[in-house]
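Colleague:
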Amino acid sequence: MEAAFPFLLGKWMIWDSKGKVMGELKANFSLFTKKYTYKTNTTTYPIDSPAFSGEYTIYNEKETVVATFKKVNGVFQASAYELYNQSETLLTEELIAVVMGINANEKEDVLVQQGWSLRE
């Protein structure tokens with residue numbers, strides 16, 4: 000499995016070991032919450048988190064919780080998350096790649112505020 004921000008796409012793409020796209024993660028604009036959307040070939044999964052929270056919930060199209068994850072480390076440590084997969088369709092490895100994408104996106108947001116970019 001592989002995941003990255005392809006050049007100038009603005010989406011976190013996830014591929015399987017054969018190079019087939021499994022899904023894409025995109026940040027959605029929101030004022031008081033952090034919102035993302037993970038789209039696979041068959042389903043769209045909304046992801047949200049309260050502002051200033053390290054806890055995230057992933058829903059299916061029926062608004063049922065399929066996974067949760069939360070940041071479990073301190074401020075000055077490398078990012079670490081605890082993932083709970085309740086989905087029968089999403090692989091744990093795939094969800095780990097989604098978590099990595101959200102973490103990369105949030106780190107980039109901090110760097111952009113400081114005048115830097117991860118995509119150059």
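Going by numbering that gives the first Met the number 0, the residue at position 37 of the sequence shown is 36; the numbering climbs one at a time, nothing skipped.
For every residue, glycine included, the Cβ atom is placed at its ideal position computed from N, Cα and C.
Just so we're clear, the structure is a prediction, and the values are computed from it rather than from any experiment.
1) If you drop the 5 nearest sequence neighbours on each side, which residues of the same chain put their C-beta closer than 7 Å to that of residue 35?
2) In whole angstroms, what is the alpha-carbon distance linking residue 52 and residue 15?
3) At least one CB of chain B closer than 7 Å to the CB of residue 78: is that the case?
4) Could you have a look at residue 30 and say whether DSSP puts it in helix, strand or coil?
5) Would you call residue 112 buried or exposed, if buried means 16 or more other Cβ atoms sit within 10 Å of its Cβ?
6) What is the residue span of the beta strand (DSSP E) that residue 87 lies within?
Modeller: According to the structure data:
1) Residue mapping note: residue 35 aligns to position 36 of the sequence shown, counting from 1. Within the same chain, residue 35 has close Cβ partners 24, 25, 26, 27, 46 and 101.
2) Counted from its first residue, the sequence shown places residue 52 at position 53. Counted from its first residue, the sequence shown places residue 15 at position 16. Those two C-alpha atoms are separated by around 30 Å.
3) Considering every chain present, this structure includes no chain B. It has just one protein chain.
4) Position 31 of the sequence shown, counted from the start, is the residue given in the question as residue 30. Residue state, collapsed to three classes: coil.
5) Locating residue 112 in the sequence shown gives position 113, counting from the first residue. Note that residue 112 scores a pLDDT of 47, beneath 50, so its modelled location is shaky; the value from the coordinates is reported in the next line. When all chains shown are included, residue 112 counts as exposed.
6) The sequence position of residue 87 within the sequence shown is 88, counting from 1. Run containing residue 87: none; DSSP gives neither H nor E here.
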